[in-house]
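Keeping their order, the protein sequence lines are chains A and B.
Take 1 as the starting number for the first sequence in the numbering used here and just add one per residue.
Take 185 as the starting number for the second sequence in the numbering used here and just add one per residue.
Here a beta-carbon is modelled for each residue, glycine too, at the ideal position from N, C-alpha and C.
All values derive from a computational prediction rather than experimental measurement.
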Amino acid sequence: MGGVGDRPPAGGPPSGPVGVAQAGWLTTRLDPLLAWARRWSLFQYPFVTACCAMEFMSTMCAHFDLSRFGAEIPRWSPRQSDVLWVVGTIVHKQAPALRRVYEQMCEPKWVVAFGTCAAVGGFYDNYSVVQGIDKIIPCDVYIPGCPPRPEAVIEGLMLLQEKVGRGELSRWQQRQPGAGRQAG
Amino acid sequence: MAQRIVDLVRARFPQAVLEAHAFRGDDTIVVRREDYLEVVRFLKDSPGTAMDFFVDLTCVDWPGRRPRFDVVLHLKAWRSSERLRVKVGVPEEDCTCPSLTGLWPAANWFEREAFDMYGVRFVGHPDLRRILLYDEFQGHPLRKDYPKEKRQPLVPMREDAPPQPPPFPERPH
Numbered sequence: 001m002g003g004v005g006d007r008p009p010a011g012g013p014p015s016g017p018v019g020v021a022q023a024g025w026l027t028t029r030l031d032p033l034l035a036w037a038r039r040w041s042l043f044q045y046p047f048v049t050a051c052c053a054m055e056f057m058s059t060m061c062a063h064f065d066l067s068r069f070g071a072e073i074p075r076w077s078p079r080q081s082d083v084l085w086v087v088g089t090i091v092h093k094q095a096p097a098l099r100r101v102y103e104q105m106c107e108p109k110w111v112v113a114f115g116t117c118a119a120v121g122g123f124y125d126n127y128s129v130v131q132g133i134d135k136i137i138p139c140d141v142y143i144p145g146c147p148p149r150p151e152a153v154i155e156g157l158m159l160l161q162e163k164v165g166r167g168e169l170s171r172w173q174q175r176q177p178g179a180g181r182q183a184g
Numbered sequence: 185m186a187q188r189i190v191d192l193v194r195a196r197f198p199q200a201v202l203e204a205h206a207f208r209g210d211d212t213i214v215v216r217r218e219d220y221l222e223v224v225r226f227l228k229d230s231p232g233t234a235m236d237f238f239v240d241l242t243c244v245d246w247p248g249r250r251p252r253f254d255v256v257l258h259l260k261a262w263r264s265s266e267r268l269r270v271k272v273g274v275p276e277e278d279c280t281c282p283s284l285t286g287l288w289p290a291a292n293w294f295e296r297e298a299f300d301m302y303g304v305r306f307v308g309h310p311d312l313r314r315i316l317l318y319d320e321f322q323g324h325p326l327r328k329d330y331p332k333e334k335r336q337p338l339v340p341m342r343e344d345a346p347p348q349p350p351p352f353p354e355r356p357h
């Protein structure tokens, strides 16, 4: 998308399609534009329940700096967020709260299962733990690890960004009636 | 370490102490259920024992044993730093035990947890509800006969959720 109205630097290679950039305008379609905008401004809702929170904080803070990906702003209201990060173990007693938070989010919305517990229940194969949040809510990206390293978290975010940038439907949208149309 | 206290209890309640043993300096007495409250009250209030610190209360399930459950109480004396473990057997048919909430308010949540996980009903407890699990939960999950694959979800599982992996295979004991 760079190059709207740009002029190529003198002597250097042109920064965009030559004719278009020199003319000072660019055509695109609405869907890819929206997908691009969404990809680089993912507001997140951290649903943090367990020790994975430490790695989540590490990823968010300056050393790994998730703001490089345009995803650094936590919104403490699910109504304002695009991505639900489920960070840690979810027990059956808590499942209604998670479900409700998810249902409060506006579409389009995406879900990341952060860590093995959120993805499949981890080693808590017992009476109290939900064996993966996808038993309750649709999930787009699974990040394994106990806890995952920040590099793995960043890769998970980049996978989600690729998915958003392609304009693919989220898992939630795929389940809706008339889900054939593109996102946006 | 606390043999002195065991002797004091034995002298005061000759019938109540069924058994006493020590393991690496930690003394244990097993008392009759009908004398449990009086023994603990004596341990707390008598100046000779002064076991005034309620450390822990929990429960153990011994499947096949009679009585099936042990309620285990840990006490400590602040002055002398002596410690004592008090066990009381609770049969499955009459799964009740006197509550210690009248002696220590702190026993409230411990007894609620033992009730939640093992189903021991504490007589005299002011508010015996589940503390960790939800009210809809059926049964008591730390009993050894609770099925380990049994789940009691509050939210219906998604119909298109990925399939559940098989449980770990049963290993012979």
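Asked, Found
"Could you spell out the range, first to last residue, of the beta strand (DSSP E) harbouring residue 161(A)?", "Not the beta strand (DSSP E): residue 161(A) falls in the alpha helix (DSSP H), residues 150–165."
"How about residue 124(A) and residue 89(A): do their beta carbons lie closer than 8 Å?", "yes"
"Pick out whichever of 80(A), 52(A) and 42(A) has its Cα sitting closest to the Cα of residue 67(A).", "42(A)"
"Any idea what DSSP makes of residue 1(A), helix, strand or coil?", "Residue placement at residue 1(A) cannot be trusted, given a pLDDT of 44 that sits under 50; what the coordinates show is reported in the next sentence. Reduced to three states, the DSSP call for residue 1(A) is coil."
"Hey, could you find the ends of the alpha helix (DSSP H) residue 260(B) is sitting in?", "From DSSP, residue 260(B) is part of no alpha helix (DSSP H) but of the beta strand (DSSP E) over 253–260."
"Are residue 142(A) and residue 119(A) touching if we call contact CB-CB under 8 Å?", "yes"
"Mapping DSSP to helix, strand and coil, what is residue 305(B)?", "strand"
"According to DSSP, simplified to helix, strand and coil, what is residue 326(B)?", "coil"
"Under the rule that 16 or more other beta-carbon atoms within 10 Å means buried, what is residue 281(B), buried or exposed?", "buried"
"Strictly under 8 Å for the Cβ-Cβ distance: is residue 92(A) near chain B by that measure?", "yes"
"What are the residues that DSSP puts in a beta bridge with residue 74(A)?", "44(A)"
"Under 7 Å between beta-carbons, which chain A residues line up against residue 339(B)? List them in chain order, please.", "95, 96, 99 and 136"
"In whole angstroms, give me the CA-to-CA distance for residue 240(B) and residue 154(A).", "44 Å"
"Taking residue 127(A) as the query, report the chain B residues whose CB atoms sit under 8 Å from its CB, ordered along the chain.", "325, 330, 332, 334, 335 and 336"
"By the 10 Å Cβ neighbour count, where 16 or more other Cβ atoms means buried, how is residue 63(A) classified, buried or exposed?", "exposed"
"Please report the straight-line C-alpha distance between residue 104(A) and residue 310(B), rounded to a whole angstrom.", "38 Å"
"Which residue from 306(B), 289(B) and 247(B) puts its Cα closest to that of residue 130(B)?", "Since the displayed chain B opens at 185 and closes at 357, residue 130(B) lies outside it and no answer follows."
"Reducing DSSP to helix, strand and coil, say where residue 16(A) ends up.", "At residue 16(A) the pLDDT is 49, less than 50, meaning the model places this residue with poor confidence and gives no usable figure here."
"For residue 342(B), go through chain A and note every residue whose CB falls closer than 8 Å to its CB, in chain order.", "134, 135, 136, 137 and 138"
"At 4 residues or longer, what runs of the alpha helix (DSSP H) sit wholly inside the region 53–121 of chain A?", "95–104 and 116–120"
"Under 8 Å, with one C-beta from each stretch per pair, do the region 31–42 of chain A and the region 156–175 of chain A reach the 3-pair mark?", "yes"
"Compare the C-beta of residue 382(B) with all C-beta atoms of chain A and state if any pair is closer than 8 Å.", "Chain B is shown only over 185 to 357; residue 382(B) falls outside these bounds and no answer can be derived."
"CB-CB under 8 Å to residue 401(B), same chain, minus the five flanking residues each way: which ones, in chain order?", "The requested residue 401(B) does not occur in the structure, where chain B is confined to residues 185 to 357."
"Which same chain residues end up closer than 8 Å to residue 320(B) when comparing Cβ atoms and leaving out the 5 residues on each side of it in sequence?", "336 and 338"
"Taking 8 Å as the threshold (C-beta atoms), are residue 69(A) and residue 157(A) in contact?", "yes"
"Is it buried or exposed, residue 356(B), if we count other Cβ atoms within 10 angstroms and call 16 or more buried?", "exposed"
"With burial defined as no fewer than 16 other Cβ atoms inside 10 Å of the residue's Cβ, what is the status of residue 207(B): buried or exposed?", "exposed"
"CB-CB under 8 Å to residue 170(B), same chain, minus the five flanking residues each way: which ones, in chain order?", "Absent from the structure is residue 170(B), since the part of chain B shown begins at 185 and ends at 357."
"Cα separation between residue 71(A) and residue 227(B)?", "60 Å"
"Please classify residue 4(A) as buried or exposed, where buried requires at least 16 neighbouring CB atoms within 10 angstroms.", "Unreliable positioning characterises residue 4(A) in this predicted model, as indicated by a pLDDT of 44, which lies under 50. A coordinate reading is not provided."
"When you compare the CB positions of residue 173(A) and residue 108(A), do they come within less than 8 Å of one another, or not?", "yes"
"Suppose you measure from the CA of residue 292(B) to the CA of residue 193(B); what does that come to, to the nearest Å?", "25 Å"
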